[in-house]
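Sequence order for the protein chains is A and B. Numbering follows my numbering, with no gaps: position 39 of the first sequence is 39. Numbering follows my numbering, with no gaps: position 129 of the second sequence is 129. Yeah, the Cβ is synthetic: ideal placement off N, Cα and C, and Gly gets one too. Predicted model, so just to flag it, every value in this text is computed and none were measured. Beneath this line is the structure, given in structure tokens, with notes to follow.
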Amino acid sequence: MNSRDVYVYLDVVEGKISINSLSLITKARELAKILGGGVGAIIVGRDVKKLVKDVEEYDIDVIHIIDHPKLKDHDVISYSKAVSEILSKTRPEALLMISTALGKEIASRIAVRLRTAVATDCIDLYIDDYKDPVSGEVSEKTIHCIRYVFRGELSAVVASPRQRPFIATVRPGLYPAPQKIFGRKIEVKEWSIEVSEDDLMKTEVLEIQKIERKIDLSKAKVIVAGGRGAKAEGFKLIQELASLLKGEVGATRPAVDAGWTTPDRMIGLTGQTVKPDIYIAVGISGAPQHTIGMRDSKIIIAINKDPEAPIFKISDYGLVGDLFVILPKIIERLRQLKS
Amino acid sequence: MSLNIIVLVKSVPDPKTPPTLKVDGSLDLKNVKIVVNPIDKYAVEAALQLKERYGGKIIGLSLGDHDNIDIFREIIAMGVDSFIYIKDPDYQRFDTLQKSYVLSKAIKKIEKDLGRVDLVLCGVESSDTNMGVLASQIGEWLEIPSISYVDKILEIKNGSIIVKKIIEDGFITLRSRMPVVLSIADTGYEPRIPSLRDTIMARRREIPIWKTSDLGLEFREIVLKTVRFKQIESKRLGKIFRDEDVDKMIDRFFEELKRDGVSLLR
Ligand SMILES: Cc1cc2nc3c(=O)[nH]c(=O)nc-3n(C[C@H](O)[C@H](O)[C@H](O)COP(=O)(O)OP(=O)(O)OC[C@H]3O[C@@H](n4cnc5c(N)ncnc54)[C@H](O)[C@@H]3O)c2cc1C
Ligand SMILES: Nc1ncnc2c1ncn2[C@@H]1O[C@H](COP(=O)(O)O)[C@@H](O)[C@H]1O
């Protein structure tokens with residue numbers, strides 16, 4: 001292995017390696033091939049040594065592992081110390097992590113520890129030469145990341161031509177699962193760190209509330225979804241419109257948190273990803289965490305009183321106004337059409 | 001109890017009218033309107049509610065390169081006790097490492113004056129760069145804990161704070177020792193609209209301007225470079241209807257659907 005290796009951080013979720021993070025191996029191999037380096041994986045946590053056998057057959061050259069009894073979930077400080085320790089000793093070209101709330105926190109801290117660059121929520125990575133606009137100096141074969149900026153209205157290409165490693169968190173669901181290569185032998189390197197009691201004292205988990213999912217919205221042809229603007233009363237209208245169109249009710253996270261509908265109807269990063277023929281967004285602003293789950297719908301219709309709400313930017317049809325006035329009229333109109 | 005709280009507020013190009021691109025793919029920032037990063041108002045609201053409950057002092061802090069400090073008066077009118085603006089002509093080139101470093105230096109300086117800072121609050125994400133890293137990076141520079149995506153601050157007791165944080169599959173309640181950096185999401189709070197009286201009062205308030213050179217910036221290497229920007233082409237029809245007369249608006253909407261061959265009923 002040399003310094004042009006690409007590493008992947010493998011997330012451990014409920015005692016298993018997350019499938020999303022495994023898919024980064026596919027991308028890492030593609031980049032490493034061009035760079036002439038290998039693919040490394042990092043696994044950090046408590047009681048994680050046993051997970052090596054679950055990833056042994058994937059297309060990885062070396063697994064770096066830190067297994068420490070004092071490493072507790074959500075201990076961002078200790079995790080970032082642990083990963084930084086491995087990175088500072090091995091100095092790969094880049095580390096790819098999945099963009100989760102926790103992943104971004106760890107990535108951000110690693111960047112400070114190693115005085116290196118971090119780019120979050122990347123939607124793709126590729127390799128190109130980087131030419132410094134001022135000095136004209138060219139850094140050959142540099143990893144470039146594409147990410148959305150300005151709330152998704154522009155994309156930016158960023159690179160870290162000099163500092164290693166480049167820390168990139170990558171949106172989930174972009175790459176296929178990695179190849180399995182049977183009978184291959186991966187080198188496993190174990191590292192030890194000190195987990196200080198002091199750090200452990202700093203944050204502790206008191207309670208975890210999971211959002212349950214039962215209904216599958218992915219096959220619905222029509223979805224009428226409500227947001228914070230809809231309120232409990234609005235959801236009655238949304239339900240009415242959904243039944244009229246033989247569709248399902250969807251919701252944003254704040255609407256679910258407020259209890260206006262059930263958690264399994266949530267759409268977005270936490271919720272489901274849907275692609276109906278018709279998606280009607282009612283009282284929804286269009287935050288990226290929501291639109292990530294519905295932006296590929298065939299036709300998007302938005303009702304919002306704020307003409308500048310970002311949802312209109314991704315809509316085919318938009319109605320600007322009060323949903324409590326508009327929805328009843330639409331329902332009435334459709335009733336007439338139907339009869 | 002009395003809390004010393006710093007709230008980080010960023011100035012950004014108005015997200016409602018994002019900048020256009022020059023031919024070379026760089027941002028045309030000449031005519032953009034600068035506003036307060038909308039999501040940071042949730043952090044300001046969280047700070048104000050803490051002050052109402054526990055007492056204390058709130059200081060707003062921002063780092064940028066422009067001269068229109070008047071945009072921060074809205075934050076003062078909301079109720080923060082004072083506001084400090086750090087100006088650096090090189091700011092546009094800064095990456096998150098620089099920004100977090102300068103801000104943590106400023107926090108240290110404020111701490112010297114106040115004796116102690118208990119909480120640093122910020123927004124979850126800048127509307128221009130969409131990075132969401134500052135809270136953790138400042139936490140790391142200051143060697144204190146940080147919690148991002150906080151929905152709600154539940155309680156402060158015996159030097160510890162209990163918060164409800166948003167995670168992908170639900171919520172998690174965490175207890176952290178203070179001082180701590182928190183990024184506040186747009187879910188658990190509703191930013192207040194300042195009264196006319198407070199808005200007028202805020203006009204008269206002084207906003208001290210600091211320079212990064214006074215803070216001692218030993219760390220000048222910019223590691224993340226932006227190569228170019230690209231406009232995202234919308235594949236959407238973008239037919240937006242607006243009319244005082246709602247019936248007329250809905251008429252036009254249904255006509256348009258018909259013309260495009262879209263049927264809602266099936
Ligand atoms: C880790 C994480 C995961 C997340 N996962 C998800 C997820 O899976 N799904 C999700 O949706 N969010 C998720 N979020 C939350 C997300 O960031 C936004 O907060 C959320 O999507 C906003 O929901 P909203 O549009 O309903 O509310 P708001 O942003 O408050 O928008 C309400 C809209 O309603 C409009 N409105 C108000 N009243 C009326 C009226 N009378 N008539 C017409 N319009 C009206 C307003 O103009 C406004 O645009 C997540 C956040 C985090 C940090
Ligand atoms: N230049 C800045 N000055 C003050 N606060 C900032 C600055 N940049 C970012 N922040 C704060 O950090 C949060 C997250 O920003 P970011 O990590 O850049 O997405 C923002 O919502 C602000 O509260």
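Grab me the residues of P307(A)'s own chain with a C-beta within less than 6 Å of its C-beta, minus the 5 sequence neighbours each way, in chain order. As a first step, residue 307(A) is located in the first sequence; it is residue number 307 there, counting from the start. Closer than 6 Å at Cβ, skipping near neighbours: V320.
L212(B) at chain A interface by Cβ criterion, 9 Å: Taking the first residue of the second sequence as 1, we reach residue 212(B) at position 212. For the record, residue 212(B) in the displayed sequence is Thr; it is not Leu. Closer than 9 Å: no.
Ligand 1 and I269(A): does the residue's C-beta get closer than 8 Å to at least one heavy atom of that ligand? As a first step, residue 269(A) must be located in the first sequence, where it is residue number 269. Residue 269(A) is actually Leu in this sequence, not Ile. For ligand 1, at least one heavy atom lies less than 8 Å from the Cβ of L269(A).
Would you say N130(B) faces chain E, with C-beta separation under 9 Å as the test? Considering every chain present, this structure includes no chain E. Its protein chains are A and B.
So does M97(A) have its beta carbon nearer than 8 Å to some heavy atom of ligand 2? Here residue 97(A) refers to the residue found at position 97 of the first sequence. M97(A) Cβ: outside cutoff for every heavy atom of ligand 2.
Suppose you measure from the CA of R228(B) to the CA of T262(A); what does that come to, to the nearest Å? Start at 1 with the first residue of the second sequence, and residue 228(B) comes out as number 228. Start at 1 with the first residue of the first sequence, and residue 262(A) comes out as number 262. When the Cα atoms are used, R228(B) and T262(A) turn out to be separated by approximately 42 Å.
Could you confirm whether any beta carbon from chain B is found closer than 9 Å to the beta carbon of F235(A)? For the purposes of this step, residue 235(A) is identified with residue 235 of the first sequence, where counting begins at 1. Any Cβ of chain B closer than 9 Å to the Cβ of F235(A) would place that residue at the interface, and such an atom is absent.
Identify, in the order they occur along the chain, each residue of the same chain with its Cβ nearer than 8 Å to the Cβ of D322(A), setting aside the five sequence neighbours on each side. What you label residue 322(A) is simply residue 322 of the first sequence in a count that begins at 1. K305, listed in sequence order.
For a contact meaning CB atoms closer than 9 Å, what does S18(A) contact in chain B? Locating residue 18(A) in the first sequence gives position 18, where the first residue counts as 1. Close to S18(A), with beta-carbon spacing below 9 Å, lies no residue of chain B; the smallest spacing is near 10 Å.
What residues from chain A crowd round Q137(B), counting only those whose CB sits closer than 9 Å? Within the second sequence, the letter at position 137 stands for residue 137(B). Below the 9 Å Cβ cutoff, chain A contributes S108, R109, A111, V112 and V118 as neighbours of Q137(B), in chain order.
Under a CB-based cut-off of 9 Å, is R116(B) close to chain A? Your numbering for residue 116(B) matches position 116 in the second sequence. False, the Cβ-Cβ gap to chain A never drops below 9 Å.
Could you check which residue in E105(A), S23(A), L35(A) and V224(A) has the C-alpha nearest to that of V282(A)? For the purposes of this step, residue 282(A) is taken as the residue at position 282 of the first sequence. When each option's Cα is compared against that of V282(A), the closest is V224(A).
Looking at V158(A) and A340(A), is the spacing between their C-beta atoms short of 9 Å? The shown model of chain A, from 1 to 339, leaves out residue 340(A), and the question about it has no answer.
Roughly how many angstroms separate the alpha carbons of A119(A) and C145(A), rounded to a whole number? By 1-based counting over the first sequence, the position of residue 119(A) is 119. By 1-based counting over the first sequence, the position of residue 145(A) is 145. C-alpha separation (whole angstroms): 8 Å.
What number of angstroms, rounded off, separates the C-alpha of K202(A) from the C-alpha of V180(B)? Residue numbering aside, residue 202(A) sits at position 202 when the first sequence is read from its first letter. Residue numbering aside, residue 180(B) sits at position 180 when the second sequence is read from its first letter. Cα to Cα, the separation comes out at about 9 Å.
Between I314(A) and S234(B), how many whole angstroms is the CB-CB distance? I'm expecting something under 8 Å. What you label residue 314(A) is simply residue 314 of the first sequence in a count that begins at 1. What you label residue 234(B) is simply residue 234 of the second sequence in a count that begins at 1. Confirmed, about 7 Å.
Is Y317(A) near ligand 1 - that is, is its Cβ less than 8 Å away from at least one heavy atom of it? Taking the first residue of the first sequence as position 1, residue 317(A) is located at position 317. Flag unset: Cβ of Y317(A) not near ligand 1.
Report the partner residues of M201(B) according to the DSSP bridge assignment. Position 201 of the second sequence, counted from the first residue, corresponds to residue 201(B). BP columns for M201(B) are empty, so no partner.
Closer than 9 Å, CB to CB, is R266(B) near chain A or not? Mapped onto the second sequence, residue 266(B) falls at position 266. Interface residue, yes.
Which word fits P69(A), buried or exposed, when buried means at least 16 other C-beta atoms lie within 10 angstroms of its C-beta? Here residue 69(A) refers to the residue found at position 69 of the first sequence. The residue in question, P69(A), is exposed, as its Cβ has fewer than 16 Cβ neighbours within 10 Å.
Is the region 243-253 of chain B close to the region 202-215 of chain A, with three or more CB pairs under 8 Å? In the pairwise beta carbon analysis, the region 243-253 of chain B is classified as not touching the region 202-215 of chain A: fewer than three pairs are separated by under 8 Å.
In chain B, which residues lie less than 9 Å from G152(A) when you measure between Cβ atoms? Counting from 1 along the first sequence, the entry for residue 152(A) is found at position 152. Result: N130 and I232.
What residue range does the beta strand (DSSP E) around N4(B) cover? Position 4 of the second sequence holds residue 4(B). L3 to L8 is the span of the beta strand (DSSP E), which, as asked, contains N4(B).
Roughly how many angstroms lie between the CA atoms of M1(A) and I167(A), to the nearest whole one? Here residue 1(A) refers to the residue found at position 1 when the first sequence is read from its first residue. Here residue 167(A) refers to the residue found at position 167 when the first sequence is read from its first residue. Here the model assigns M1(A) a pLDDT of 48, short of 50, so the residue's position is not dependable, and the following value carries that caveat. When rounded, the distance between both Cα atoms is 19 Å.
Quick check: does the Cβ of A255(A) come within less than 8 Å of any heavy atom belonging to ligand 1? Here residue 255(A) refers to the residue found at position 255 when the first sequence is read from its first residue. With a cutoff of 8 Å, A255(A) counts as near ligand 1, since its C-beta is closer than that to a heavy atom of the ligand.
Does the beta-carbon of H290(A), which I'm using as the reference point, lie nearer than 8 Å to any heavy atom of ligand 1? For the purposes of this step, residue 290(A) is identified with residue 290 of the first sequence, where counting begins at 1. Yes.
Is P92(A) close to chain B, meaning its C-beta is less than 9 Å from at least one C-beta of that chain? Along the first sequence, read from residue 1 onward, the residue named residue 92(A) stands at position 92. P92(A) does not count as touching chain B.
Residues near T199(B) in its chain [Cβ-Cβ closer than 8 Å; skip 5 each side]: Indexing the second sequence from 1 puts residue 199(B) at position 199. Contacts found: R73, E74 and A77.
Taking 9 Å as the CB-CB cut-off, is F171(B) touching chain A? On the second sequence, position 171 is the one that residue 171(B) refers to. Judged by the 9 Å Cβ criterion, F171(B) is in contact with chain A.
Determine the DSSP secondary structure at M1(A), reduced to helix, strand or coil. Here residue 1(A) corresponds to residue number 1 of the first sequence, with the count starting at 1. Interpretation of M1(A) is limited by its pLDDT of 48, a score under 50 that renders its predicted location unreliable; the figure taken from the coordinates is listed afterwards. M1(A) falls in the coil class under three-state DSSP.
Closer than 7 Å by beta-carbon distance: list the chain A residues that pair up with G123(B), in chain order. As a first step, residue 123(B) is located in the second sequence; it is residue number 123 there, counting from the start. Annotation: G123(B) has no Cβ neighbours in chain A at a cutoff of 7 Å; minimum Cβ distance is about 13 Å.
Check whether the region 216-235 of chain A and the region 169-176 of chain B touch, using three or more Cβ-Cβ pairs below 8 Å as the test. Counting Cβ pairs under 8 Å, fewer than three are found: no touch.
Interface partners of Y148(A) on chain B, CB under 9 Å: Counted from its first residue, the first sequence places residue 148(A) at position 148. Ordered by position in chain B, the residues that pass the 9 Å Cβ test against Y148(A) are N130 and I232.
Mind checking if M1(A) is an interface residue toward chain B, Cβ cutoff 9 Å exclusive? For the purposes of this step, residue 1(A) is identified with residue 1 of the first sequence, where counting begins at 1. Note that M1(A) scores a pLDDT of 48, beneath 50, so its modelled location is shaky; the value from the coordinates is reported in the next line. Not an interface residue.
For a test of the three-state rule: what should DSSP assign to T142(A), helix, strand or coil? Position 142 of the first sequence, counted from the start, is the residue given in the question as residue 142(A). If DSSP states are grouped into helix, strand and coil, T142(A) belongs with the strands.
Given 8 Å as the limit, is there contact between the region 56-64 of chain A and the region 170-186 of chain A, that is, 3 or more CB pairs closer than that? Result yes; three or more Cβ-Cβ pairs closer than 8 Å.
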